[in-house]
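Residue numbers (the numbering used here), protein chains in the order written: chain A, 2 to 289; chain B, 2 to 289. No residue lacks a Cβ here, since even glycine has one placed at the ideal position from N, Cα and C. Read the structure below first, then the notes.
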């Protein structure tokens with residue numbers, strides 16, 4: 002939401018670190034290119050404002066926004082303004098998202114169906130398939146706290162803002178002590194209703210990594226067992242999931258026929274958003 | 002978080018649709034396998050409970066949970082319980098996530114670093130690369146409200162719980178009126194700090210679709226222009242992004258050498274989570 006104008010049809014007067022709120026003043030917000038208004042409540046209301054006064058100010062502000070034909074009102078609140086949340090809910094606001102000490106409430110005012118996007122729908126998991134090509138061994142672990150006693154590849158959730166390949170390298174190092182470098186993505190999967198995703202879906206990206214070290218120093222907290230296991234042993238093991246079996250077969254194919262025919266390689270590219278980059282993944286084709 | 006036990010060291014007495022809260026009663030919660038406690042506040046407190054009484058009950062409950070060695074407290078609240086949020090914040094609770102009429106607060110009590118996962122980090126965008134192999138034309142659009150006047154492939158955000166391929170088919174139909182079927186994933190990209198992702202990252206999956214119909218009926222609200230454009234014209238067009246150029250080259254390669262060497266095909270597989278399925282994407286190799 003890019004602010005392109007400033008709405009301030011208010012009689013609210015504000016000086017640095019001081020607020021003078023009159024009853025019946027209005028909230029000030031930024032207008033975005035979709036005709037919505039975004040308000041940062043902590044710059045607008047001192048914490049001493051009573052919930053009754055907030056309710057009056059909100060009602061009168063909504064009256065103005067409706068008369069101006071605004072379609073969406075976005076209200077940012079810090080968590081210590083929580084007492085205003087159920088007041089806003091009385092006027093139809095709902096949570097859009099919240100994290101740590103901030104939440105964002107939204108009210109859609111238009112007759113049309115609300116087209117504004119919901120908050121992030123996926124967590125992103127990664128694993129590192131670390132292959133010793135000389136011995137045809139893969140680095141595998143058993144987790145201490147998993148509900149399944151299976152052999153699997155080291156991995157976990159990507160941090161916010163972390164690249165897929167870097168997340169696989171970090172998780173592999175944390176869990177096994179083995180240092181690696183990124184080679185390619187060889188598979189991914191989408192799983193809805195993932196039990197530890199708080200109602201969201203899970204994308205799991207399978208990264209092929211090249212080992213730079215070979216000594217295993219497993220994480221004491223997380224890892225029950227960790228070893229280098231021959232790909233033939235792993236793919237025939239009874240304690241693996243269907244996806245691990247599938248990945249083992251892909252690795253076996255790569256060992257026989259080369260990984261050129263398997264890999265989605267990655268490339269850093271310039272984004273159309275100014276100054277930003279993204280990482281693209283696709284087959285590495287000779288004529289591109 | 003799977004509940005495996007019930008904590009109820011409380012003197013709170015509750016009958017269906019009736020609450021009898023005494024001062025100094027305790028909150029009841031489910032204990033999960035990570036030694037955390039999850040409380041659904043609307044089953045525990047009548048809305049008439051004063052914030053002062055809630056504060057007392059919360060403090061005493063926290064005292065018990067700490068003495069029992071619990072490590073995380075998860076507090077589900079409906080939005081009309083908002084006035085209790087800043088009280089919980091005084092005791093150290095923060096938002097974990099919130100949407101619509103519900104929020105989840107979390108308090109981490111252990112000395113160790115908090116290992117519980119944050120909420121979803123990615124929105125998932127898709128596009129449909131619809132190719133007429135007979136004419137070597139691709140279905141392209143210009144959006145009305147985009148900040149960039151570029152030719153691009155139809156697409157948009159996947160709904161919560163929607164499969165990648167189905168989202169590409171739906172968005173293509175909504176924007177262009179053209180019916181399609183899923184063929185493969187030919188590329189994806191990860192972009193952090195995406196300007197319309199509310200601080201989260203964006204994964205964008207490029208789906209190759211086969212057209213089932215050819216007449217264009219563009220969406221009046223969203224689409225400025227829509228046409229079938231020859232792949233050579235598109236890849237040399239000045240009004241395309243670097244990713245659209247790259248995808249055009251991949252399509253050209255596929256037209257010359259076959260898409261077998263390009264595609265990540267999809268397969269529905271059984272999940273280890275009982276009764277669930279997932280979709281796996283990887284190269285379609287003959288020996289798997």
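Counted within 10 angstroms of its Cβ, other Cβ atoms place residue i as buried (16 or more) or exposed
i: residue 120 of chain A; result: buried
i: residue 98 of chain B; result: buried
i: residue 212 of chain B; result: buried
i: residue 102 of chain B; result: exposed
i: residue 172 of chain A; result: buried
i: residue 34 of chain A; result: exposed
i: residue 113 of chain B; result: exposed
i: residue 276 of chain B; result: exposed
i: residue 83 of chain B; result: buried
i: residue 282 of chain A; result: buried
i: residue 287 of chain B; result: exposed
i: residue 182 of chain A; result: exposed
i: residue 8 of chain A; result: Note that residue 8 of chain A has pLDDT 35, beneath the 50 cutoff, so the model's placement of it is unreliable and no number is given.
Chain A contact for residue i (CB, 8 Å cutoff)
i: residue 300 of chain B; result: Nothing about residue 300 of chain B can be reported from this structure: the residues present for chain B run from 2 to 289 only.
i: residue 162 of chain B; result: yes
i: residue 36 of chain B; result: no
i: residue 100 of chain B; result: yes
i: residue 171 of chain B; result: no
i: residue 243 of chain B; result: yes
i: residue 95 of chain B; result: yes
i: residue 22 of chain B; result: The predicted model places residue 22 of chain B with a pLDDT of 46, which falls under 50 and marks its position as unreliable; any figure quoted below should be read in that light. Cβ-Cβ to chain A under 8 Å: no for residue 22 of chain B.
i: residue 194 of chain B; result: yes
i: residue 129 of chain B; result: no
i: residue 201 of chain B; result: yes
i: residue 119 of chain B; result: yes
i: residue 251 of chain B; result: yes
i: residue 84 of chain B; result: yes
i: residue 204 of chain B; result: yes
Residue-level contact to chain B via CB, residue i, 8 Å cutoff
i: residue 154 of chain A; result: no
i: residue 282 of chain A; result: yes
i: residue 273 of chain A; result: yes
i: residue 286 of chain A; result: yes
i: residue 47 of chain A; result: no
i: residue 104 of chain A; result: yes
i: residue 122 of chain A; result: yes
i: residue 125 of chain A; result: yes
i: residue 184 of chain A; result: no
i: residue 277 of chain A; result: yes
i: residue 247 of chain A; result: yes
i: residue 77 of chain A; result: no
i: residue 168 of chain A; result: no
i: residue 53 of chain A; result: no
i: residue 191 of chain A; result: yes
i: residue 219 of chain A; result: no
i: residue 239 of chain A; result: no
i: residue 81 of chain A; result: yes
i: residue 270 of chain A; result: yes
Residue from the options with nearest C-alpha to residue i
i: residue 130 of chain B; options: B:278, B:103, B:187 and B:275; result: B:187
i: residue 318 of chain A; options: A:209, A:63 and A:283; result: Outside the shown range of chain A, which is 2 to 289, sits residue 318 of chain A, and nothing can be said about it.
i: residue 95 of chain A; options: A:101, A:115, A:102 and A:146; result: A:115
i: residue 222 of chain B; options: B:147, B:79 and B:87; result: B:147
i: residue 292 of chain A; options: A:87, A:58 and A:39; result: Look at the range of chain A in this structure, 2 to 289, and you will see that residue 292 of chain A is not part of it.
i: residue 267 of chain B; options: B:259, B:164 and B:133; result: B:164
i: residue 265 of chain A; options: B:30, B:207 and B:51; result: B:207
i: residue 127 of chain B; options: B:215, B:29 and B:189; result: B:189
i: residue 290 of chain B; options: B:201, B:73, B:28 and B:70; result: Limits of chain B in this structure are 2 at one end and 289 at the other, which puts residue 290 of chain B out of reach.
i: residue 220 of chain A; options: A:263, A:169 and A:145; result: A:145
i: residue 93 of chain B; options: B:108, B:81, B:79 and B:86; result: B:108
i: residue 36 of chain A; options: A:72, A:143, A:269 and A:179; result: A:72
i: residue 215 of chain B; options: B:198, B:38, B:278 and B:135; result: B:135
i: residue 262 of chain A; options: A:185, A:200 and A:224; result: A:185
i: residue 1 of chain B; options: B:87, B:239, B:79 and B:69; result: Outside the shown range of chain B, which is 2 to 289, sits residue 1 of chain B, and nothing can be said about it.
i: residue 180 of chain A; options: A:217, A:273 and A:50; result: A:217
i: residue 284 of chain A; options: B:273, B:274 and B:251; result: B:251
Residue i CB to nearest heavy atom of the ligand HEM below 7 Å
i: residue 190 of chain A; result: Among the components modelled here there is no ligand, and therefore nothing to report on the ligand HEM.
Please confirm if the region 239–248 of chain A is in contact with the region 146–159 of chain A, defined as three or more CB-CB distances below 8 Å between the two stretches.
With the cut-off at 8 Å, the region 239–248 of chain A and the region 146–159 of chain A touch.
Length-filtered (4 minimum) alpha helix (DSSP H) runs lying within the region 81–134 of chain A
86–91
Residue ranges of each beta strand (DSSP E) within the region 163–199 of chain A, 3 or longer:
181–192
Would the region 52–67 of chain A and the region 49–66 of chain B be scored as touching if the rule is three or more Cβ pairs under 8 Å?
No: the two stretches stay apart, fewer than three of their Cβ pairs being nearer than 8 Å.
Considering only residues of the region 213–281 of chain A, which uninterrupted beta strand (DSSP E) runs meet the minimum length of 3 residues and lie entirely inside it, listed in chain order?
For the region 213–281 of chain A, the full-length beta strand (DSSP E) segments reaching 3 residues or more read 224–231 and 266–271 along the chain.
Using a Cβ distance threshold of 8 Å, determine whether the region 253–263 of chain B contacts the region 154–165 of chain A, with at least three qualifying pairs required.
No, the region 253–263 of chain B is not in contact with the region 154–165 of chain A.
Suppose only complete runs of 3+ residues qualify. What are the beta strand (DSSP E) ranges in the region 45–83 of chain B, listed by chain order?
73–79
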